[in-house]
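*Asks:* Just so we're aligned, residue 1 is where the sequence shown starts under my numbering, counting upward by one.
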Amino acid sequence: MPARFPGGRGAARMAIAGLALSLLALAALAMASNLVMQRATSGVGRLNQISDEWGQVFQSLNAEQDAMRDYLRAGSDVGRKPLASVIGAGEPSLLWLATHADADDRQAVTVVLPAYRSYGATLHRMIELGDGEASAEVQLQAAQADLAEQALRKQITAQMDRTRLETTAFLEAAETQNNRLRTASLVMIVLVLLPLGLSAAVLVGYQRRIERQAEASRYQALHDPLTGLANRLLLHEQTDRAVREAARHDDRIALLLIDLNRFKEVNDTLGHAVGDLLLQRVAERLKTAVRDSDTAARLGGDEFAVLLPRLSTTGDALLVARRIADAFAEPIVLDDGQVLRSHGSIGISIYPADAADASQLLQHADIAMYAAKRAGLGPTIYTAALDEEPATL
């Protein structure tokens with residue numbers, strides 16, 4: 001006998017049953033997607049916080065080292081208070097990491113925190129001895145502080161690099177999960193289209209939502225929330241990519257590191273709200289001073305960076321740096337009529353002339369920036385002579 005197919009009522013029931021199953025599957029997919037996105041957002045936030053805290057320790061170490069150099073130059077009466085005020089500034093971040101970070105970071109803190117406190121004790125002994133660079137004992141303590149600072153800098157940099165790699169791996173895992181969800185969404189679309197076309201429209205909308213959430217999560221992970229500029233992680237990715245392309249095409253690239261001068265004074269006298277507004281205005285000027293193909297980034301605190309790919313000459317980088325310096329020097333008028341003035345110390349490193357890889361490019365730009373900051377210079381291009389400059393201060 002020929003097979004008998006269900007009538008209209010049976011077909012309707014089958015369609016309703018299929019729709020119900022499709023909606024149940026859609027609900028399960030929605031719950032799974034929300035859980036994945038919540039975990040991704042929470043994980044990215046935690047890793048960003050850990051990265052920021054290590055960055056704060058790194059910046060505090062820079063501030064202590066600069067204050068020590070100023071103390072050695074100026075003598076005890078002039079340099080004592082600035083040095084004393086920054087000693088131990090990174091300890092709150094280390095204590096936060098000791099209680100809130102993951103096991104690897106907590107283990108690192110058990111090594112870094114005692115060394116950091118010992119470094120601070122050495123600086124305190126320098127202050128107690130007095131006489132600035134005239135005292136041989138002060139110079140001995142300064143030499144010990146230099147050795148301790150170098151060891152701490154290596155340890156902290158290693159933790160920052162580890163956190164960056166962990167964040168990259170986390171984002172890749174999240175992207176894999178998102179890809180699986182996208183695949184599941186496409187399968188569901190096919191299944192829903194069989195009982196009812198309306199279900200397909202629902203799923204398409206939901207798939208777009210998943211993609212928007214994934215894109216938003218990735219954007220948040222790679223951009224500074226205050227200024228909207230690229231963050232340290234995105235700058236590292238773009239620099240690595242630019243170095244590879246420059247090596248392949250025999251091009252030049254430049255990295256500019258910019259440190260706002262007297263930003264702490266604005267924060268302390270006018271408050272953090274005004275300080276944040278100043279950073280936002282500076283970021284806007286930075287974006288207008290560079291090309292669309294360049295990467296402007298905020299590394300944390302009052303430190304910014306610009307990656308310049310495909311340069312014709314080294315002089316092009318210097319022209320951009322001067323344009324940025326001029327833009328920063330323009331008065332900033334706040335909504336309440338207050339006028340702020342900001343100036344930046346700019347260090348420049350060129351690949352391949354000054355660096356063999358992205359890490360060295362960043363390191364040499366950092367050296368040039370602090371040389372410009374210490375000497376009150378304009379934009380400064382890295383040279384090998386700057387490597388020895390701190391030892392002569």
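Even glycine gets a Cβ: it sits at the ideal position worked out from N, Cα and C.
Using a Cβ-Cβ cut-off of 8 angstroms (strictly less than) and excluding sequence neighbours within five positions of Met126, which residues of its own chain qualify?
*Replies:* Taking the first residue of the sequence shown as 1, we reach residue 126 at position 126. So the list reads Met68, Tyr71, Leu83, Val138, Gln141, Ala142, Ala145, once near-sequence residues are dropped.
*Asks:* Can you tell me which of Arg341, Val320, Asp105 puts its alpha carbon nearest to the alpha carbon of Val282?
*Replies:* Indexing the sequence shown from 1 puts residue 282 at position 282. When each option's Cα is compared against that of Val282, the closest is Arg341.
*Asks:* Decide if Thr176 is buried, meaning its Cβ has at least 16 other Cβ atoms within 10 Å, or exposed.
*Replies:* Looking up residue 176 in the sequence shown gives position 176. Thr176 is exposed by the Cβ-count criterion.
*Asks:* Would you identify the three-state DSSP class for Glu303, choosing helix, strand or coil?
*Replies:* Residue 303 sits at position 303 when you count from the first residue of the sequence shown. Three-state DSSP puts Glu303 in a strand.
*Asks:* Compare the C-alpha of Ser93 against each of Val112, Asp104, Glu172 and name the closest.
*Replies:* In the sequence shown, the residue the question calls residue 93 occupies position 93. Minimum Cα distance to Ser93 is reached at Val112.
*Asks:* Between the C-alpha atoms of Leu61 and Gly271, what's the straight-line distance to the nearest angstrom?
*Replies:* Here residue 61 corresponds to residue number 61 of the sequence shown, with the count starting at 1. Here residue 271 corresponds to residue number 271 of the sequence shown, with the count starting at 1. CA-to-CA, the gap between Leu61 and Gly271 works out to about 23 angstroms.
*Asks:* Based on the DSSP secondary-structure assignment, which residues constitute the bridge partners of Thr261?
*Replies:* To locate residue 261, count along the sequence shown from 1; it is residue 261. Residue 261 is actually Asn in this sequence, not Thr. For Asn261, which the question treats as bridged, DSSP gives the partners His343.
*Asks:* Per DSSP, which one or two residues make a beta bridge with Leu255?
*Replies:* Here residue 255 refers to the residue found at position 255 of the sequence shown. Note: Leu255 sits in a beta bridge opposite Leu307, Ser349.
*Asks:* Taking the alpha helix (DSSP H) that Asp105 falls in, what are its first and last residues?
*Replies:* Stepping through the sequence shown from its first residue, residue 105 is reached at position 105. Its alpha helix (DSSP H) spans residues 103 to 129.
*Asks:* Whose C-alpha, out of Gly88, Leu308, Thr227, Arg212, is nearest the C-alpha of Ala242?
*Replies:* Here the question's residue 242 lines up with position 242 in the sequence shown. Minimum Cα distance to Ala242 is reached at Leu308.
*Asks:* Just how far apart, CA to CA, sit Gly300 and Ala325?
*Replies:* Here residue 300 refers to the residue found at position 300 when the sequence shown is read from its first residue. Here residue 325 refers to the residue found at position 325 when the sequence shown is read from its first residue. So the two alpha carbons sit approximately 19 angstroms from each other.
*Asks:* Under a three-way DSSP split, which group does Thr288 fall into?
*Replies:* Working through the sequence shown from its first residue, we reach residue 288 at position 288. Helix, per DSSP.
*Asks:* Write down the C-beta distance between Ala297 and Leu226 rounded to the nearest angstrom, noting that I regard them as a contact closer than 8 angstroms.
*Replies:* Counted from its first residue, the sequence shown places residue 297 at position 297. Counted from its first residue, the sequence shown places residue 226 at position 226. Here Ala297 is actually not in contact with Leu226; their C-beta atoms are around 12 angstroms apart, not less than 8 angstroms.
*Asks:* For Ile397, I'd like the list of residues in its chain whose CB is within less than 6 angstroms of its CB, leaving aside the five on either flank, ordered along the chain.
*Replies:* The displayed coordinates of the chain run from 1 to 393. Any statement about residue 397 would go beyond what the structure contains.
*Asks:* Distance check for Thr183 and Arg232, CA to CA, integer angstroms please.
*Replies:* In the sequence shown, residue 232 corresponds to position 232, counting from 1. In the sequence shown, residue 183 corresponds to position 183, counting from 1. If you take the alpha carbons of Arg232 and Thr183, they lie about 32 angstroms apart.
*Asks:* Between which two residues does the alpha helix (DSSP H) carrying Tyr382 extend?
*Replies:* Translated into the one-based positions of the sequence shown, residue 382 becomes position 382. Premise fails: Tyr382 is in no alpha helix (DSSP H) and is neither H nor E.
*Asks:* Do the CB positions of Leu256 and Ala365 come within less than 8 angstroms of each other?
*Replies:* If you number the sequence shown from 1, residue 256 lands on position 256. If you number the sequence shown from 1, residue 365 lands on position 365. Closer than 8 angstroms, so yes.
*Asks:* Rounded C-beta distance between Ser217 and Val44? I'm assuming under 8 angstroms.
*Replies:* Taking the sequence shown and counting its residues from 1, the one referred to as residue 217 is at position 217. Taking the sequence shown and counting its residues from 1, the one referred to as residue 44 is at position 44. Ser217 to Val44, Cβ: 6 angstroms. Contact.
*Asks:* Do Leu334 and Pro379 have their beta-carbon atoms positioned less than 8 angstroms apart in this structure?
*Replies:* Position 379 of the sequence shown, counted from the start, is the residue given in the question as residue 379. Position 334 of the sequence shown, counted from the start, is the residue given in the question as residue 334. Between Pro379 and Leu334, the CB-CB gap reaches or exceeds 8 angstroms.
*Asks:* Are the CB atoms of Ala89 and Gln155 nearer to each other than 8 angstroms?
*Replies:* Here residue 89 refers to the residue found at position 89 when the sequence shown is read from its first residue. Here residue 155 refers to the residue found at position 155 when the sequence shown is read from its first residue. It is not a contact, given that the beta carbons lie outside the stated cut-off.
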